[in-house]
Structures are given as C-alpha cells and as structure tokens.
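Visitor: I'd like to ask you about the structure that follows.
Chains as they are written, first to last, in the numbering used here: chain A, 131 to 367; chain B, 131 to 367.
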C-alpha cells in the first residue's frame with residue numbers, strides 16, 4: 131500500500147519530520163500537495179472529513195490504505211516499525227514515541243516565539259511579545275529541552291533511544307538545524323553544551339538517504355512561513 | 131504490578147486525565163506525591179533520572195514495574211487497554227490516541243492564555259498579553275477544537291472514538307469542566323453549539339466511579355495554580 135503524506139507544500143514545518151523518515155529509510159511516499167494535479171485542495175478535503183477514516187484536526191496526515199493518521203509523533207510511531215526506524219519491541223517503540231512527543235513540545239515552543247499571542251494574528255502584530263517570549267525561550271526553555279535530550283544521548287550510547295539509529299535521531303537533526311536557522315547567535319552560544327546532540331546531527335547529515343535528500347529539490351529551504359523563522363530581532367544579541 | 135502516578139499534589143493539571151481514567155475503571159493507583167511520606171521529592175527524583183527507565187522530561191509520569199511512561203496522552207495509551215478504557219484493536223487504539231493528542235494540544239493552548247510570554251514568568255508580568263491571547267482563544271481556537279470534537283461525536287454515535295465509552299470521553303468531560311471554570315461567560319456562550327460534547331460530559335459525570343471520585347477529597351478543586359485558571363479579566367465580556 132502506498133504512503134501518502136498530506137502537508138503544506140511550501141514549508142518544512144511539522145511535515146518535515148515525516149519526510150525525513152521516508153527519505154532516510156529509502157521508502158517511496160507521495161508528497162500529495164506538491165503534486166500540481168492535487169495540490170492543497172487534496173489536503174483541505176481530508177481536513178473537511180471527506181476521506182474515509184478518522185477526520186484529522188491538522189496536518190501532517192498520513193494516508194495508508196484505509197488508515198488516516200495525524201499528529202506528527204503518531205505518524206512516526208505508526209510508520210517507523212514498518213520502515214525499520216525503531217526497534218520492534220513494545221518498550222523500545224514506547225520510549226521512542228515518548229521522546230518524539232517531547233521533541234514536538236519543543237517544536238511548538240519554538241513556533242510560539244514568533245506567535246506568542248495568537249496563530250491567527252500576523253507576526254508584525256505581536257513583535258514586542260515575540261521578543262519577550264524568544265528571550266525566555268533562548269534563556270530557559272531551549273536549554274532545558276536540549277539538556278534533557280543531551281542527557282539521554284549521553285546515557286544511551288550516542289543515541290537518544292534504544293542505543294541505535296531511530297527516527298528520533300532524524301528529529302534531533304531537524305530540530306538542531308531549525309534552531310540554528312532561527313537563532314544563529316543564540317543557538318551557537320549554546321551548542322558547545324550539547325556535544326552528543328551535535329554528533330547525532332552530523333551522523334544523520336551524512337547518511338546516504340538524508341545526504342541525497344538534502345541535495346535534492348525535495349528539501350524545501352527554511353523560510354519565514356514555517357515553524358523555524360529567522361527574525362534577527364528575536365535572536366540573542 | 132501497582133500503578134504509581136507521579137504528579138504535582140495540589141493541582142488537577144495534566145495529571146487529572148490519568149486520575150480520571152483510574153477512577154472510572156475502578157483500578158487502584160498510588161498518587162505518589164499526595165502521600166506525605168513521599169511527596170514532591172519522589173517526583174523530583176524521577177525527573178532527575180534517579181529511577182530505572184527512560185528519564186522523563188515532565189509529569190505526569192506513570193511507573194508500572196520497570197516502565198516509566200511520561201506524556202499525558204501516552205500514559206493513557208499505555209494503560210487504557212489493560213484497564214478496559216479503549217478497544218483492543220490497533221486501529222481503535224490509534225484513533226483514541228490521536229484524538230487524545232489533539233485534546234492535549236487544546237489543553238496547552240488553554241494554559242497559554244494565562245502564560246503567553248513564558249511559563250517562567252508570573253501571570254502578573256504578562257497580563258496585557260494574556261488578555262490578547264485569551265480573546266483569540268475564545269474567538270477562534272476553542273471553537274475550532276471543540277467543533278472538530280463535536281463533529282467526531284456526531285459521526286461517532288455519541289462518542290468521540292470507536293462508538294463506545296473510552297478514556298477520550300473522560301478527557302472531553304475534563305476539558306469542558308476546565309473551560310467552564312476558566313471562562314464561565316465565554317464557554318457558556320459557546321456551549322449550545324456542542325450538544326454532543328455536553329451529552330458526553332453529563333454521561334461521564336454520572337458514571338459510578340467518576341461520581342464517587344468527584345464527591346471525594348481525592349478530586350482537587352480547580353485553582354489558580356493549575357492549567358484552567360479563573361481570571362475574570364481573561365473571560366469574555
């Protein structure tokens with residue numbers, strides 16, 4: 131059965147965590163909304179509940195046979211065992227899912243640095259609030275999340291879970307890339323404190339499927355419509 | 131093997147979703163931090179990684195044998211099949227987990243109405259921002275989430291998932307109670323639009339385990355240290 135990913139076609143966003151998994155595993159998937167013949171209307175139809183399966187609240191959404199799976203971490207949990215990106219034992223799968231859920235919390239907080247007052251307002255209408263929130267994010271929240279992840283890697287033989295490469299390694303790569311894009315000064319200042327995560331990131335970057343993907347037009351560049359946005363006024367001084 | 135819940139002892143918070151599941155199922159659990167002999171230090175030890183198992187980032191945390199499970203929705207996913215609160219088929223479990231994850235996103239946004247700038251600041255230091263965020267929450271985000279849940283209930287024969295009582299029904303009860311506590315005017319104005327959710331809430335309230343729990347001292351009242359806080363200036367006019 132083919133894997134169909136429904137996600138916004140012009141940003142990395144939360145969909146990127148799913149794209150990285152398929153690209154790393156070398157498993158074909160259709161990035162539905164990037165097909166000009168289908169585009170965003172195909173996603174909107176799913177969000178309106180016009181497809182069989184549980185009507186999802188938000189993308190990314192994976193369609194696989196008659197299954198419709200939403201929530202980024204759950205999509206990865208659903209697909210990872212089948213494509214070889216997580217141990218098959220229940221405890222190992224649970225551990226990976228738990229860490230991924232916490233990574234998604236970090237991602238949500240990174241997003242809220244530029245949208246603290248509301249996703250339904252423009253960034254330009256919440257700039258002073260964004261500067262306050264970004265300051266706290268760089269000073270307290272990002273260090274708290276990354277130090278916890280670093281501790282997992284230090285305890286886990288160089289991987290966040292299971293002592294082996296999983297989709298969580300890919301997500302560590304994506305989060306570190308995103309933070310470095312959004313906060314070049316703030317992240318660079320903190321980076322020396324998480325050498326284990328940096329090693330994970332560099333190892334992921336060199337994996338054959340990921341290296342090929344990053345060099346391809348399938349990898350959408352970071353931009354200011356996504357989750358990780360480079361607004362210099364939000365970065366550390 | 132006993133179930134041990136590690137959560138803050140003086141608030142409902144995210145731990146309440148787990149408490150409700152055990153209370154409804156009539157399954158004994160130890161609310162560890164409410165035992166004066168153990169208290170909050172027991173939670174802090176787990177957070178520091180001093181227990182066997184995956185070191186969690188934040189509570190609620192469930193200890194079960196040598197398993198340590200964090201992330202509210204994942205705790206419910208882990209425990210629900212064993213205590214009879216979810217269908218045993220994989221697709222049904224996945225659907226319940228997906229809906230619960232989205233409910234937790236709603237809960238996070240409800241929290242952020244009083245802490246839009248940062249969890250590490252006092253509410254008093256972010257009141258104007260909180261008023262802006264609460265306005266958007268009541269006008270757009272709460273209606274979007276609850277209308278989606280209402281649609282699931284309308285399609286699902288009176289239940290959000292699986293056409294039967296699950297832990298997701300309990301979470302609908304908790305969210306509606308919390309929103310009504312935090313936003314008595316704003317929620318009352320919207321409530322007539324979600325009759326299916328209201329029916330779920332009232333049915334849950336009358337279940338024997340839940341009714342006994344709500345009448346007991348084990349149910350901590352809502353208060354202004356929790357997720358759902360009654361700040362009249364954040365409510366609708």
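From the three backbone atoms N, C-alpha and C, an ideal C-beta is built for every residue, glycine too.
Mapping DSSP to helix, strand and coil, what is residue 211/A?
Guide: Counted from its first residue, the first chain places residue 211/A at position 81. Residue 211/A falls in the coil class under three-state DSSP.
Visitor: Just the Cα atoms here: how many angstroms apart are residue 303/B and residue 366/A?
Guide: Counted from its first residue, the second chain places residue 303/B at position 173. Counted from its first residue, the first chain places residue 366/A at position 236. Near 42 Å, if we compare the C-alpha coordinates of residue 366/A and residue 303/B.
Visitor: Assuming the contact rule is C-beta atoms closer than 8 Å, residue 205/B and residue 190/B should be a hit. Round their C-beta distance to whole Å, please.
Guide: On the second chain, position 75 is the one that residue 205/B refers to. On the second chain, position 60 is the one that residue 190/B refers to. Contact flag correct, Cβ pair sits at about 6 Å.
Visitor: For residue 174/B, does the count of other Cβ atoms within 10 angstroms reach 16, so buried, or fall short, so exposed?
Guide: In the second chain, residue 174/B corresponds to position 44, counting from 1. Residue 174/B is exposed by the Cβ-count criterion.
Visitor: Since residue 272/B is in the beta strand (DSSP E), which residue starts that stretch and which ends it?
Guide: Locating residue 272/B in the second chain gives position 142, counting from the first residue. Note, residue 272/B: premise wrong, no beta strand (DSSP E); alpha helix (DSSP H) at 272-285.
Visitor: What are the residues that DSSP puts in a beta bridge with residue 200/B?
Guide: As a position in the second chain, residue 200/B is number 70, starting the count at 1. Looking at the DSSP assignment, residue 200/B forms a beta bridge with 191/B.
Visitor: Looking only at its chain, what residues have a beta carbon closer than 8 Å to the beta carbon of residue 255/A, apart from the 5 residues adjacent to it on each side?
Guide: Stepping through the first chain from its first residue, residue 255/A is reached at position 125. Only 247 meet the Cβ criterion.
Visitor: Compare the Cα-Cα distances from residue 294/B to each of 281/B, 226/B and 305/B and report the closest residue.
Guide: In the second chain, residue 294/B corresponds to position 164, counting from 1. For the residues 281/B, 226/B and 305/B, the minimum Cα distance to residue 294/B belongs to 226/B.
Visitor: First and last residue of the beta strand (DSSP E) that includes residue 321/A?
Guide: Working through the first chain from its first residue, we reach residue 321/A at position 191. Premise fails: residue 321/A is in no beta strand (DSSP E) and is neither H nor E.
Visitor: Residue 134/B bridges to which residues according to DSSP?
Guide: Taking the second chain and counting its residues from 1, the one referred to as residue 134/B is at position 4. 160/B and 193/B, per the DSSP bridge assignment.
Visitor: What is the DSSP secondary structure of residue 233/B, reduced to helix, strand or coil?
Guide: Taking the first residue of the second chain as position 1, residue 233/B is located at position 103. Correct three-state label for residue 233/B: helix.
Visitor: Helix, strand or coil, according to DSSP, for residue 361/A in the structure here?
Guide: Within the first chain, the letter at position 231 stands for residue 361/A. Note: residue 361/A maps to coil in three-state DSSP.
Visitor: In chain order, what residues of the same chain lie with their CB nearer than 8 Å to the CB of residue 449/A, ignoring the 5 residues before and after it?
Guide: This structure cannot settle anything about residue 449/A, because the visible part of chain A is limited to 131 through 367.
Visitor: At a cut of 8 Å, does the segment 132-145 of chain A reach the segment 155-170 of chain A through at least three beta carbon pairs?
Guide: When Cβ pairs closer than 8 Å are counted between the two stretches, the segment 132-145 of chain A is seen to touch the segment 155-170 of chain A, the count reaching three or more.
Visitor: Cβ of residue 242/A less than 9 Å from any chain B Cβ?
Guide: Here residue 242/A corresponds to residue number 112 of the first chain, with the count starting at 1. Under the 9 Å criterion on CB atoms, residue 242/A is classed as interfacial with respect to chain B.
Visitor: For the alpha helix (DSSP H) that residue 352/B lies in, which residues bound it at each end?
Guide: Taking the second chain and counting its residues from 1, one reaches residue 352/B at position 222. It is not in any alpha helix (DSSP H) - residue 352/B carries neither H nor E in the DSSP assignment.
Visitor: Look at the alpha carbon of residue 362/B and the alpha carbon of residue 152/B, and state the distance between them as a whole number of angstroms.
Guide: The residue labelled residue 362/B in the question sits at position 232 within the second chain. The residue labelled residue 152/B in the question sits at position 22 within the second chain. Residue 362/B and residue 152/B: Cα-Cα distance of roughly 33 Å.
Visitor: Starting from residue 340/B and walking both ways along the alpha helix (DSSP H), at which residues does that stretch end?
Guide: As a position in the second chain, residue 340/B is number 210, starting the count at 1. Run containing residue 340/B: 338-344, per the alpha helix (DSSP H) assignment.
Visitor: Would you be able to state if there are at least three C-beta pairs under 8 Å between the segment 273-284 of chain B and the segment 324-335 of chain B?
Guide: yes
Visitor: Looking at residue 262/A and residue 249/B, is the spacing between their C-beta atoms short of 9 Å?
Guide: Along the second chain, one-based indexing puts residue 249/B at 119. Along the first chain, one-based indexing puts residue 262/A at 132. One thing to note: residue 249/B has its Cβ no nearer than 9 Å to the Cβ of residue 262/A.
Visitor: In chain A, what lies closer than 8 Å to residue 228/B by C-beta?
Guide: Within the second chain, residue 228/B is the residue found at index 98, counting from 1. Residues of chain A passing the Cβ test: 184, 186, 199, 200, 201 and 204.
Visitor: In whole angstroms, give me the CA-to-CA distance for residue 342/B and residue 193/A.
Guide: Taking the second chain and counting its residues from 1, the one referred to as residue 342/B is at position 212. Taking the first chain and counting its residues from 1, the one referred to as residue 193/A is at position 63. About 42 Å.
Visitor: If I measure Cβ to Cβ from residue 299/B and keep anything under 7 Å in the same chain, skipping five residues before and after, which residues do I get?
Guide: As a first step, residue 299/B must be located in the second chain, where it is residue number 169. Cβ neighbours of residue 299/B beyond the five flanking positions: 289, 290, 330 and 334.
Visitor: If you follow the alpha helix (DSSP H) that residue 253/B is part of, which residue opens it and which one closes it?
Guide: Here the question's residue 253/B lines up with position 123 in the second chain. Premise fails: residue 253/B is in no alpha helix (DSSP H) and is neither H nor E.
Visitor: Residues in the same chain with beta-carbon distance under 7 Å from residue 355/B, minus the five sequence neighbours each way, listed in chain order, please.
Guide: Here residue 355/B refers to the residue found at position 225 of the second chain. Once the five neighbours on either side are set aside, the close Cβ partners of residue 355/B are 140 and 141.
Visitor: Cβ of residue 364/B within 9 Å of Cβ of residue 320/B?
Guide: Indexing the second chain from 1 puts residue 364/B at position 234. Indexing the second chain from 1 puts residue 320/B at position 190. Taking 9 Å as the Cβ cut-off, residue 364/B and residue 320/B do not qualify as a contacting pair.
Visitor: CB residue 296/A to CB residue 217/A, shorter than 9 Å?
Guide: Here residue 296/A corresponds to residue number 166 of the first chain, with the count starting at 1. Here residue 217/A corresponds to residue number 87 of the first chain, with the count starting at 1. A contact, by the Cβ cut-off of 9 Å.
Visitor: Looking at residue 201/B: is its Cβ nearer than 9 Å to the Cβ of residue 231/A?
Guide: What you label residue 201/B is simply residue 71 of the second chain in a count that begins at 1. What you label residue 231/A is simply residue 101 of the first chain in a count that begins at 1. Going by C-beta atoms, residue 201/B is nearer than 9 Å to residue 231/A.
Visitor: Going by the beta-carbon positions, is the gap between residue 237/B and residue 357/B smaller than 9 Å?
Guide: The residue given as residue 237/B occupies position 107 in the second chain. The residue given as residue 357/B occupies position 227 in the second chain. Result yes, Cβ atoms of residue 237/B and residue 357/B sit closer than 9 Å.
Visitor: Pull up the CB-CB distance for residue 135/A and residue 340/A, whole angstroms please, since I reckon it's below 8 Å.
Guide: Here the question's residue 135/A lines up with position 5 in the first chain. Here the question's residue 340/A lines up with position 210 in the first chain. Not a contact, Cβ separation roughly 17 Å.
Visitor: Identify the contact partners of residue 247/A in chain B, using a Cβ-Cβ distance below 8 Å as the criterion.
Guide: Taking the first chain and counting its residues from 1, one reaches residue 247/A at position 117. Simply 246, 259, 262, 263 and 266.
Visitor: Using DSSP with H/G/I as helix, E/B as strand and the rest coil, what is residue 145/A?
Guide: Position 15 of the first chain, counting from 1, holds the residue named residue 145/A. Residue 145/A falls in the helix class under three-state DSSP.
Visitor: Considering only residues of the same chain and omitting the five flanking positions on each side of residue 251/A, which have a CB-CB separation below 8 Å?
Guide: Here residue 251/A is taken as the residue at index 121 of the first chain, counted from 1. Only 245 meet the Cβ criterion.
Visitor: Would residue 179/B pass as an interface residue toward chain A - the criterion being a Cβ-Cβ separation below 9 Å?
Guide: Taking the second chain and counting its residues from 1, one reaches residue 179/B at position 49. So yes, residue 179/B belongs to the interface.
Visitor: Please classify residue 176/B: does DSSP put it in a helix, a strand, or coil?
Guide: The residue given as residue 176/B occupies position 46 in the second chain. Judged by DSSP in its simplified three-state form, residue 176/B adopts helix.
Visitor: What does residue 221/A reach in chain B if we use C-beta pairs closer than 8 Å?
Guide: On the first chain, residue 221/A is found 91 positions in, with the first residue counted as 1. Neighbours of residue 221/A on chain B, chain order: 197.
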